[in-house]
Amino acid sequence: NISRVETSHGWWGNCCTGDHSTHNTGSVPLLSPWGPPPITANSTAIEWYLFNQINHDRAVRGLYLYNWNPTLANGARLHSWNMANCGFSHFCPDGDYHFGCMRITYEFPHNNDCGECISATLSNGTLANEEWAIGSIQKGMVNEPDNPNSWHRIHLTSQTLHSVGVGVYVSPGGWVYATEDMVS
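Structure follows, in structure tokens:
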């Protein structure tokens, strides 16, 4: 069940979360019905911008920094590409229709903790605007009220998750889709 929050800068959805160790089925290739996600200079720049922002937000809170994980980044990039084609959701057809974090479990079958944050926003096509718009959503997620249902904040400030991969797709129409996947 996904709830979406609309802001003046775009959308974000509730994170999938939890212990997926009972669903471990082993590593399977991650596929998209639309082929591999296109990678552009802007999408790569935004991925690193978000990674650095995540770690900045952690550092100012006195938390350890997340490690970059290229496997998570590839899965996150694929999910952002899927969202551009099938809609804003944790549950796009990228290997499993029922569990948003199953693709993370497929990538890391022995991991028992994962989290995901997704966002989407419309920009004017310039890198500066894309970073500003997606960065505004990122700030909203990490600054959610501190309560048990603030899954974005929980994942972004976790003390059990240690690695992150960020994947971004920038559509020709100016939509920026971002996925941040984390594991312990």
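Under my numbering, the first residue of the sequence shown is numbered 49, with each subsequent residue one higher.
Note that CB positions come from ideal geometry on N, CA and C, so glycine has one too.
Whether residue i touches residue j by CB criterion (8 Å)
i      : j      : result
Ser137 : Val216 : no
Ala121 : Ile182 : no
Ile102 : Glu178 : no
Asp161 : Ser91  : no
Ala254 : Val224 : Because the chain is modelled from 49 through 232, residue 254 falls outside the range shown and cannot be assessed.
Thr205 : Val190 : yes
Residues sharing a beta bridge with residue i, DSSP
i      : result
Met230 : Gly163 and Val212
Val224 : Thr169 and Val218
Ala117 : Per the sequence shown, the amino acid found at residue 117 is Asn instead of Ala. Answer is none; Asn117 lacks a bridge partner.
Which of helix, strand or coil DSSP assigns to residue i
i      : result
Leu170 : strand
Trp199 : helix
Trp82  : coil
Tyr112 : coil
Cβ neighbour criterion (16 or more within 10 Å) applied to residue i
i      : result
Pro118 : exposed
His158 : exposed
Trp199 : buried
Heavy atom of the ligand COA within 7 Å of residue i beta-carbon
i      : result
Ala226 : In the structure on display, the ligand COA does not appear, and there are no ligands present to speak of.
query = Is the region 193–200 close to the region 94–111, with three or more CB pairs under 8 Å?
reply = Contact fails: fewer than three Cβ-Cβ distances are below 8 Å.
query = Is it true that the region 203–214 meets the region 80–90, where meeting means three or more beta-carbon pairs spaced less than 8 Å apart?
reply = no
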